[in-house]
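In this note's numbering, the protein residues as written are 25 to 272. Backbone N, C-alpha and C define an ideal beta-carbon position, used for all residues, glycine too. Quantities reported herein were computed from a predicted structural model and do not represent experimental measurements.
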Amino acid sequence: MSQPQAALVTGAGGALGRAIASRLAADGHDVAVLDRDSASLEQTVEEVRKSGARVLPLTTDLRDAQAVEAAVERSASELGTLRVLVNNAAMYPSRPFLDVPLAEYEDVVAVNQRAYWVAAQAAARRMTGTGGGAIVNVASITMHGGWDSLAAYVSTKGAAVALTRALARELGPAEIRVNCVSPGAFPTAAEQIHDDPEAYTRHVLDHQALKRRGRAEELASAVSFLAGPDSSFVTGQCLEVNGGWVMA
Ligand SMILES: NC(=O)c1ccc[n+]([C@@H]2O[C@H](COP(=O)([O-])OP(=O)(O)OC[C@H]3O[C@@H](n4cnc5c(N)ncnc54)[C@H](O)[C@@H]3O)[C@@H](O)[C@H]2O)c1
């Protein structure tokens, strides 16, 4: 890539978001990294800077739609032409469906679904007429078969796939590609919702075709592919990155 171009990664304080941001920086992007947790974001900034890229940390709560729009604007105005958006942030409170308070459901939808919409809309406005770009939404293997006590989360992940298809069709004429990655089980903070980590690891390895845990960098490579020129004729797709757990 001759000129550095800007990418924005949400949820970049988490393990997968950090790996994605680092990979996009290694690919030649300047990277805006967004999270509400400034301490974990600072670690991401240090990591991403190692590749020599410019990094813009954005401490933002994705439940605030105006703040999401402002973050996209800052990414473009401070880093240059916005070419890539990765909607990666998520919250995943675990509770039986019958006990989920409405406010908790609304928070999950605000972060995992509405913020994907708002960021995509703001980014697409920037990408339209400036040569296009790539949007990658992060879904989840759980959307295929559900998962106990994660109904709100699972439903938003299904929405991420449907949004991907809808936007791919509508934004294609502007040469904006919209794809999705669907991670399987990666050992990140997200696994802390499981009471017995060893039993969960056994469960994961029993189900995967590959008998080892996935690495965050392996998800980041899939995002890099979908964000970059090697996938220039790929849009509206969801790439399963799960070691062969679900073969969709
Ligand atoms: N780890 C896995 O096994 C797995 C499996 C399937 C899907 N995923 C998906 O991968 C993505 C990354 O997950 P992860 O494992 O790195 O989880 P993580 O919890 O480590 O990272 C998520 C990040 O999102 C941020 N976030 C949450 N609410 C926010 C808000 N209101 N405003 C701003 N930031 C907010 C968190 O602070 C956190 O840094 C998520 O979309 C998740 O659903 C992960």
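Cβ-based burial, residue i [other Cβ within 10 Å; buried from 16]
i: Lys181; result: buried
i: Gly153; result: exposed
i: His53; result: buried
i: Ser62; result: exposed
i: Asp219; result: exposed
i: Gly76; result: exposed
i: Gly169; result: exposed
i: Leu65; result: buried
i: Leu148; result: Looking at the sequence shown, residue 148 is not Leu but Ala. By the neighbour-count rule (16 or more Cβ atoms within 10 Å), Ala148 is buried.
i: Met151; result: buried
i: Ala186; result: exposed
C-beta atoms of residue i and residue j nearer than 8 Å
i: Ser206; j: Leu250; result: no
i: Val96; j: Ala146; result: yes
i: Leu32; j: Ser99; result: yes
i: His231; j: Trp171; result: no
i: Ala36; j: Leu58; result: yes
i: Ala94; j: Thr68; result: no
i: Arg138; j: Ala89; result: yes
i: Phe210; j: Ala240; result: yes
i: Met167; j: Val135; result: no
i: Asp123; j: Arg87; result: no
i: Met30; j: Thr105; result: A small fix is needed here, since residue 30 is Ala in this sequence, not Met. For Ala30 and Thr105, yes; Cβs fall inside 8 Å.
i: Asn111; j: Thr225; result: no
i: Ile159; j: Leu103; result: no
i: Val72; j: Ala56; result: no
i: Leu191; j: Ala144; result: yes
i: Pro125; j: Ser173; result: no
Residue i Cβ short of 7 Å to ligand 1 heavy atom set
i: Ser64; result: yes
i: Ala214; result: yes
i: Thr84; result: yes
i: His201; result: Looking at the sequence provided, one finds Arg at residue 201 rather than His. No, Cβ of Arg201 sits at least 7 Å from all heavy atoms of ligand 1.
i: Met115; result: yes
i: Asp219; result: no
i: Ala31; result: no
i: Gly37; result: yes
i: Gly41; result: yes
i: Asp230; result: no
i: Asp123; result: no
i: Asp172; result: no
i: Asp59; result: yes
i: Pro81; result: no
i: Arg193; result: no
Whole-angstrom distance between residue j and residue i, CA atom to CA atom
i: Ala175; j: Ala184; result: 14 Å
i: Glu242; j: Thr212; result: 13 Å
i: Gly260; j: Val247; result: 14 Å
i: Arg236; j: Glu215; result: 16 Å
i: Met25; j: Ser256; result: In this prediction, Met25 has a pLDDT of 47, which is less than 50 and means its spatial position is unreliable; what the coordinates show is noted afterwards. Near 14 Å, if we compare the C-alpha coordinates of Ser256 and Met25.
i: Thr188; j: Pro221; result: 32 Å
i: Gly41; j: Val265; result: 15 Å
i: Pro28; j: Leu80; result: 14 Å
i: Ala258; j: Gly252; result: It should be pointed out that residue 258 corresponds to Val in this sequence rather than to Ala. Val258 and Gly252: Cα-Cα distance of roughly 10 Å.
i: Ala223; j: Gly155; result: 48 Å
i: Gly196; j: Tyr140; result: 18 Å
i: Gly157; j: Arg193; result: 14 Å
i: Leu229; j: Ser118; result: 22 Å
Test: residue i CB closer than 8 Å to a CB of chain C
i: Gly238; result: Reference to chain C is not applicable here, since this structure consists of a single protein chain.
beta-carbon residue i near ligand 3 non-hydrogen atom, thresh 7 Å
i: Ser164; result: Absence of ligand 3 is noted for the structure shown, with ligand 1 being the only ligands found.
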